[in-house]
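Notes follow once the structure below has been shown.
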């Protein structure tokens, strides 16, 4: 189903089966439809613009134009009221992949091989069903329970119906799952209990629907071994830690990979782009690949209530970063995991959230700390940190004492800062050697960096540059607090 569908009032370029199209057009209230091949990206974008312009100029707000892009293998529905939606790329198995624009929402649809009439009918019905406003007929909401699986990196989730909106996690019911299927329990005693901990607004279902960050326990109430949140919560509840109000700002780097070849987005297959230099915070189609995914994720996090503070392109092309913070204590871990969930689970709809068609792409998300060997930067999770004492007058001396403590526990931190980090911490590409602890003012090749502003003002924060992109934020943040506040090097 390559090409661009549009009304007879647009220039006729290729006729298609009249009977099939007439019945299909009736489904969406269109008098007639035609197939217009788009052989180039320029033609594709031109056809889309023409379709959208014609539809929005239509006298009937219910009229629709269906457009298929030959280059991008897409089908779009533009409506007279200006709304659009797009079905998942893998929607149609034998006839090409479809998405549908509608009310700025989208959701996955199972693979189908349908006739042209059935495709349009299914598109219209699914679009309506997926965008149903539950508040019209029910007070029920959907809660997506999210937890971390057995590898420590895999995110798991499942949804349940609640009879009414909930804003406090204490009011949410506990739930269970099969831990033997996630590598967290034996088959003969597989039940693991989810304890709801934090609620975020659901940017996908919207309305009163929610995302729920959970941690996992045995039926007797003991934290399972992979529950790093419980251990972090104990450290952050220590009186001395609470009194110091530890702030964290985490710079989460990640790499977008081409789906079928697992090669960075925008890179030539089996080849390399130009050397690093123009890509960091770069602007332009030849420098920034995946921007719509990044921007859509940014807005989704803000909608959810995550304290995301910014995004930028990274030194290696195809690599990006988002920042969360400053947030206090264990909330840093909760928010990073929620942001990761939105980024990873939302790819089927994040690439259409801003409706910038030319940058859409099927991608795979990677948190590998060194996705490409050679003269390319790795991916980290630089962790900015301060305490109340560091932020107060005279805090620079407190910072230097904290750095001395971190030096004494360098090996402990490295062991907890992410798998494969030795491939990244080589002493090159803005890293310190993994076996050597160092710190410096404005030194991005050090283990710990202190900013010029902090040095000049005599107070502020430090940046731990050692954590890898695949680190567990519960582990990293609680370990930094433990070392700098609770650890006594004389004992």
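Numbering (my numbering), first residue to last: 25 to 515.
C-beta: ideal position from N, C-alpha, C; glycine also.
- Message: Going by the DSSP bridge assignment, what does residue 406 pair with across the sheet?
- Response: 275
- Query: Which term fits residue 243, buried or exposed, when burial requires 16 or more other beta carbons within 10 angstroms of its beta carbon?
  - Reply: exposed
- Query: Between residue 421 and chain D, is there a C-beta pair that is closer than 8 Å?
  - Reply: Here there is only one protein chain, and chain D is not present.
- Task: Look at the alpha carbon of residue 168 and the alpha carbon of residue 479, and state the distance between them as a whole number of angstroms.
- Result: 45 Å
- Taking only runs that begin and end inside the region 217-286, name each unbroken alpha helix (DSSP H) of 4 or more residues, in chain order. 252-260 and 263-268
- Message: Is it buried or exposed, residue 285, if we count other Cβ atoms within 10 angstroms and call 16 or more buried?
- Response: exposed
- Which partner residues does residue 450 have in the DSSP bridge list? 457
- Message: Closest to residue 232 by C-alpha separation, out of 414, 292, 280 and 156, would be which residue?
- Response: 156
- Message: On the criterion of 16 or more Cβ atoms from any shown chain inside 10 Å, does residue 481 qualify as buried, or is it exposed?
- Response: exposed
- Buried versus exposed, by CB contacts within 10 Å (16 or more), residue 246: exposed
- Task: State the Cα-Cα distance for the pair residue 269 and residue 447, rounded to the nearest angstrom.
- Result: 34 Å
- Reference residue 442, options 495, 314, 428 and 489, closest by Cα: 495
- Task: Reducing DSSP to helix, strand and coil, say where residue 390 ends up.
- Result: strand
- Message: Going by C-alpha to C-alpha distance, which of 457, 261 and 207 sits closest to residue 249?
- Response: 207
- For residue 355, the nearest candidate out of 266, 161, 173 and 188 (CA to CA): 266
- Start and end residues, alpha helix (DSSP H) containing residue 318: 315-328
- Message: In the DSSP output, which residue or residues are listed as bridge partners for residue 464?
- Response: 473
- Message: Can you check which of these residues, 431, 183, 500 and 202, is closest to residue 235 by C-alpha distance?
- Response: 183
- How is the alpha helix (DSSP H) around residue 179 delimited, first residue to last? That residue, residue 179, is in no alpha helix (DSSP H); its beta strand (DSSP E) goes 179-186.
- Message: Please report the straight-line C-alpha distance between residue 277 and residue 215, rounded to a whole angstrom.
- Response: 34 Å
- Query: Between the C-alpha atoms of residue 506 and residue 451, what's the straight-line distance to the nearest angstrom?
  - Reply: 26 Å
- Query: Just the Cα atoms here: how many angstroms apart are residue 512 and residue 429?
  - Reply: 8 Å
- Beta carbon of residue 493 nearer than 8 Å to that of residue 391: yes
- Query: Mapping DSSP to helix, strand and coil, what is residue 166?
  - Reply: strand
- Query: From 340, 333 and 341, pick the residue whose C-alpha is nearest to that of residue 349; which is it?
  - Reply: 333
- Query: So the alpha helix (DSSP H) residue 487 belongs to, where does it begin and stop?
  - Reply: Not the alpha helix (DSSP H): residue 487 falls in the beta strand (DSSP E), residues 486-488.
- Under 8 Å, do residue 360 and residue 324 count as touching if we go by C-beta distance? no
- Query: Among 224, 240, 190 and 210, which has the Cα closest to the Cα of residue 200?
  - Reply: 240
- Residue from 474, 282, 434 and 460 with nearest C-alpha to residue 423: 474
- Task: Tell me whether residue 202 sits in a helix, a strand or coil according to DSSP, three-state version.
- Result: strand
- Query: Buried or exposed: where does residue 238 fall if 16 or more other Cβ atoms within 10 Å of its Cβ makes it buried?
  - Reply: buried
- Query: For residue 272 versus residue 508, is the C-beta distance shorter than 8 Å?
  - Reply: no
- By DSSP, does residue 214 sit in helix, in strand, or in coil? coil
- Message: Comparing C-alpha positions only, which one of 425, 402, 260 and 202 sits nearest to residue 280?
- Response: 402
- Query: What did DSSP end up calling residue 361 once you bin it into helix, strand or coil?
  - Reply: helix
- Which residues bound the alpha helix (DSSP H) around residue 497? 497-505
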